Each structure stands twice: as structure tokens, then as C-alpha cells.
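Worksheet for the structure shown next.
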Amino acid sequence: MRIASKHPLLVGTALAIVCGSALYGCKNFLDENSVPQGTLDAATLSSKGGVEGTLIAAYRALDCNTTTGAWGCAVSNWAFASATSDDAYKGSESNDQPNVDELQLYHWDTPGAMGYLDQKWTAMYDGVVRANAALRLLKQVQGQGKITSTEGAQIAGEAIFLRAHYHFEAWRMWIRIPYYREDDTDFRKPNLDSAAALTEILKDLDSAAKLLPSTPRNGNIGRVHKWTALAYKGRVQAYANQWTAALATLRAIRAAEGTPRSTTNTGWNLSQSYDQVWSGFKANENGPETIFAYQASANDGEPNGNNANFGERLNFPHSGSPFGCCGFHQPSQNLVNYFRVDAQGLPLALSSPTNWNAADANFATDTLNANRLVAVDPRLDWTVGRDGVPFKDWGLHEGGWIRSASWGGPYSAKKNAHERASGAQSSVGWTNTQLNSVNMHIYRYADLLLMLAEAEVEAGVLENARTIVNEVRARAARTAQGCGWPTDSAARAREAAKYPQCAGDTRIAVPINDASIRWATYRVGQYLTPWTSQTTARDAVRAERRLELAMEGQRLFDLRRHGNAATVLNAYINDVGGGAEKNRRTQFTGAEPYLAKHNKYPIPINQLQLSRIGGQNKLTQNPGW
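Following the numbering used here, the numbering of the sequence shown begins with 6 at its first residue and continues without gaps.
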């Protein structure tokens, strides 16, 4: 992973960090434009450059790397929070990565599911180890007078923040987790309960906020800073249902809109257009909405493209598409139906709760069929690839792009895909057409705003929540998928045959009522009537989170913290809004009911065994597993 900056960071250097423990290890990492140069000894590491490189290694662990394997380590959490929710299917076909099917069907104690869970656990604690290694080395080098106290404090702040993040990711998965600091010598520690783990995470975030500067150190966009730590603190408080504290923290962030967070922007705000949030264009990279993201890097000298969006590379349309593979993480029929709106442009799921999900057929569209007249939120076609609709600037999404429609449905993931004109595609690596430099959002400003709206609802300040939701919806109403005239001649011919008006129109984003649009009726309304019921307000905010953050690896975690995961997911499979996933995809007839035990993933068996001292596991399994 590279840290974007006018000034390259440790260009051409690669460090190998030796992190000894019984459980977790670190291997080589690469920084911006780096090419491996061999292993460095302890004397070389014991320098300012060694400390900085060790810290970059902690950032690199945000996504899959050579230590943690694939694909359970993906920073997007697609296998754990999207494919296990009502947002998405595993996709692809039945015999490829069947371990994700075990996750999707809630068979979480099977060997296949445990393998994926072990990858995630290893990835998160690999990140913790790297952050702690940076802190230990920093103390050593500072003691030698090689780093100033100001520099040391800021480096420590970054490492402590990253340690908090990795522990929080583990907490979202398992709730009861061990917590490691840089002075720990025995990694066979018992789990903390939920409250104790959250206390440790918040303690680290408070420490980081005090140490960090208010803008990214050295002007390196992508580094965390004081505001990142404060925003993340509000997120953790919201997950902990500490609503009074979350309200104060998140209100303070919103009040500081426009306060500079970096040398290149004037502070967090919503991006002007929804398509700019997930984009390969350099002009959109680290835009005003980015709070914290994995800084994917393509064509940087790494010979296999491994610094790009490695953990996401399966999640592209299959071989009939320009991407060539592999058809995972496909949007569910339930999610596609959720984007339908009523005459006021508001979610049909709220106004017609008994029939919004009744449509079972492929929601394909063109100028001749009735589907184009069905009003939908334009975020549908920024989130989902569906037949007859331009796929950014690659041409029309088509049935031939789908690996197995009977298994994964007819739709493709779209947010993670790059635009052809962006130049973000990797030129190296296995199926390089799947690799790109689209940054993976871990936390973005719309997410923060909608958590603030939740906090306002829980505090009973419903008008503040309505204002925030309407602000998010106003942004959604600005643009929709345009023609995106492709460069491939065959793709041009197919698009022109279906939509002659698109010939030569290269616009990817257009106003939602643009004359070029013949594949959809887009409508986004405002909540004009004041909310007088807390239940109504809560439902509207939660619906907006699903629409805004769909396919971003947030959904299961939201359902869990809202306390309604069992209700929503059992209904998703069996019957909700007039439709049932078990009648659409045969694999769901074998799903387990979502029970209370599913609100925590089982701790991987490997990790329980590795924690053993004198025949007793220090880690204890989560209840029910």
C-alpha cells in the first residue's frame, strides 16, 4: 500500500520485520513504488527509516498480504458482513470457494467456514503485531536520539490508532477478544468481554487523538490524523450503543465540516456525486468523503500487483466480461428490490412493507421492456451491474458476464470496479483486469453522518436526523449512470443497437433526468413531513444506511448492533415483503436459522488450540459454538 503524497515515502526501500510470537507473524511489506531489496538486519531497522518502514507495514496489513493469504482477509469484509447478510450472495458457482457458502448459510462451525474465519483472525492480529512492533522500535530509536519527541509522538499516534482499528475489526467479528499492547510478552491471553474490549479500544483512540497532528503527517494523504481518531471514536461509541457519548463526538465532527484535514482538501463533506465515492480516477482519490481507506496501489513496481485491491479481486464479472473472472459477491434479488421507490421517491420497503420484495425475475432493462418504467433510486445502478444498463464505461452489463445465474443470480458487484478511462487497472498479476487502485473505504463521511442520525434518533432529536438523511438523499439525487460510451468496438455496437442516443456519449455520470437515460426511471425524494415517531425515524435512518452503504461490507454488522439480525435475516430467507430467497436460490433451502449465537462468530479452532497453556485454552469459545 502506498501513502499518497507530493513527497514519495521511502521510495525504493523494502523492509523485512521480524515479529516473534507464538501466534502471529509479519513478513515483507512494500511501500510506495518499492521493489524488494532483501532482508535488513536489526542495526538497519534501528533508525528513523526503520521505524517509518515498520509503521508502513502496519498500514499494509489493512488488506490481504503474503502473511494472511486470501480471501478471508479482504479489507471489505465481503465474505463476513455482505455475503452473510441480505445484501449479497457468495456468487460465482457452487463448487468454487464453497467455504463462503458455509458462511452464507450460517454453518459457521464447519471446517470450511473456520478456514475463512482463521484468515480473518490472523489478518487482524497480524495488523496488531505490526503496530506494536512499530511502537517498540520507536521507543528504542527515540532512546538513541534518532527521532525527535514531536516526530515520535506523531508516529506513536498512528501506530496506536492502527492497533485500535485492528482490535475493533476483531471485536465486530467476535465481540469477546484478547487485547495486545506493545509490552505484552505472552500472546496466550484470555478474551476480554465486550465492554472491557471496547474500553481498551476507546482508550487507544483517545491516546491517538492526543498524539496525532490535525492534518496528515508529512502531507502524506492516507495517513491517519487527529480527526480520523476522533471520527473513529464516534463510530466505536455508536457500535457500543453509547449513544449519548456518540452524539457528542459525532456532532463535533459535523460541526467541524470544512476544517482542513489535509493539504489538498478543506475537510470532510459528501462528495458531489455518488460515482465519485468509489472510483479509479485520481481526481476522486481520497476525496472529501474519505475518512479512512485502504490505499490500493497498482503499477507501482510490485511484480504481481499485490499492493492493489488484492482481497477484492474475485468480485468482478466473469469471463464474458472485460474483467475475465470470477463472479463472486453478487447482489441479492432482495437488495435490488430494496432500491425500488414509491411515487414520492422514498423507499418502497417502508411504504409498502408487504410487497416491495415480490419481484423474482431478473431486473434487466432496455428501451422496450416495462422494467425501465419501474422507479428506482439511482444508487441501484452505481451499486449493481444489471443487464441492459451501462457498466461504468465498459459497455452494457450482459447475461454472458454471469458465471452461474442459477447459483449467484443475474447481477454483478459494481462499486469496486474501476472505470476504463481512469487508468486504474493493473498491468501485471493474475487476471490483471481484476486488479486496480480503487481505494477501499473502511470508513467514509456518509457512514459517519448516518451514525450521527442514529444517535439523534436515540436522543429523540428527530428533526436533526431527518435533516441528515435528506442531505444524504440530496446527494444521491444528483447523478445517475450515463452512457459511458465504451472503447471496445463490439461493446459499442451492442450499446448503440440498444441505445442509439448513446453513440459517442462518454459521460459516465449524468443528471438523473438526462435525456440519454432510456434504461431506468430514477427518482429520489425527500422526507418532507417531520418525523414524530422515534420508530418511524429509526426505520428511515436504517433504510438509508442500507441504500447508501450497500455492498460495502457493513450490513451484517449494522443488523447485529441494531439487535434485529435474526428477525431480518430469517425473514430474508423465508419471506419478507412478498419474496423469499429460498425460493430464488436453491442453496438457501439448506440454511440454518440465524440464532442468538450467530451474533458472534465462533473463534477459530486453530486460535483456541494455539492459546493453550498446560492443557488449558486461555481463549474461550463464544457461547453456542
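Glycine is no exception: its CB is placed at the ideal position from the N, C-alpha and C atoms.
These numbers were taken from a predicted model, which means no experiment stands behind them.
Out of Asp305, Asp382, Gly316 and Pro352, which one is the CA nearest neighbour of Tyr279? Asp382
Identity of the residue in His170, Trp248, Ala201 and Trp179 nearest Ala213 by Cα: His170
With DSSP as the reference, identify every bridge partner of Pro352, one or two as the case may be. Val346
For a quick check, are the C-beta atoms of Trp83 and Pro607 less than 8 Å apart? no
Just tell me which of Leu574, Ser276, Glu557 and Tyr450 has its CA closest to the CA of Ala260. Tyr450
Determine which residues share a DSSP beta bridge with Met445 and list them. Tyr299
Going by other Cβ atoms of all chains shown within 10 Å of its Cβ, with 16 needed for buried, is Ala253 buried or exposed? exposed
Between the segment 570 to 590 and the segment 288 to 300, can you find at least three pairs of beta-carbon atoms closer than 8 Å? no
In three-state terms, what does DSSP make of Pro183? coil
For Asn611, collect the residues of the same chain with a Cβ closer than 7 Å to its Cβ; drop the 5 residues on either side in sequence, then sort them by chain order. Asp123
Considering only DSSP beta bridges, list what Asn622 is partnered with. Arg617
With a threshold of 6 Å on Cβ separation, who are the neighbours of Pro322 within its own chain once the five nearest residues in sequence on each side are excluded? Phe328, Trp406 and Ser417
Rounded straight-line distance, which links the Cα of Gly120 to that of Gly74: 11 Å
With DSSP run on the structure shown, which of helix, strand or coil describes Arg228? strand
Taking only runs that begin and end inside the segment 324 to 406, name each unbroken alpha helix (DSSP H) of 4 or more residues, in chain order. 338 to 343, 353 to 356 and 385 to 388
Using C-beta distances below 7 Å, list every residue in its chain close to Gln626, excluding the 5 sequence neighbours before and after it, in chain order. Pro607, Ile608 and Leu613
Are there three or more Cβ pairs, one per stretch, closer than 8 Å when the segment 495 to 511 is compared with the segment 525 to 532? no
Please list the segments of the alpha helix (DSSP H) lying wholly inside the segment 505 to 565, counting only runs of 4 or more residues, in order along the chain. 539 to 554
Going by other Cβ atoms of all chains shown within 10 Å of its Cβ, with 16 needed for buried, is Ala545 buried or exposed? buried
Could you give the C-beta distance for Arg560 and Tyr244, rounded to a whole number, given that I count them as a contact under 8 Å? Incorrect: roughly 14 Å between the Cβ atoms, too far for contact.
Counting pairs of Cβ atoms below 8 Å between the segment 231 to 244 and the segment 195 to 209, do you hit three or more? yes
Rounded Cβ spacing between Leu108 and Thr89 (contact assumed at less than 8 Å): 5 Å
Could you give the DSSP three-state label for Thr484: helix, strand or coil? strand
On a Cα-Cα basis, can you pick out the residue from Tyr64, Pro415, Val146 and Lys419 that is closest to Ile226? Tyr64
Start and end of the beta strand (DSSP E) containing Lys95? Ala93 to Gly96
Taking the alpha helix (DSSP H) that Gly316 falls in, what are its first and last residues? From DSSP, Gly316 is part of no alpha helix (DSSP H); its letter is neither H nor E.
For Leu385 and Glu500, believed in contact at Cβ under 8 Å, the rounded distance: Not confirmed; about 19 Å, so no contact.
Comparing C-alpha positions only, which one of Asp92, Tyr111 and Ile522 sits nearest to Gly595? Tyr111
DSSP three-state call for Gly584: helix, strand or coil? strand
Can Asn362 and Gly584 be called in contact, C-beta distance under 8 Å? yes
Opposing strand residues paired with Leu197 [DSSP bridges]: Ile182
Given Val515 as reference, the closest of Ala375, Arg480, Gly292 and Arg547 once Cα atoms are compared: Arg480
Helix, strand or coil for Ala632, going by three-state DSSP, please let me know. In this structure the chain extends from 6 to 630, so residue 632 is not present and cannot be described.
Candidates Tyr577, Gln300, Glu597 and Thr591, of which the one nearest Asp91 by Cα: Tyr577
In the DSSP assignment, find the unbroken alpha helix (DSSP H) run with Glu500 in it and report its ends. Ser494 to Lys503
Our contact map puts Ala93 next to Pro336 with C-beta atoms below 8 Å; I'd like the distance itself, whole angstroms only. 6 Å
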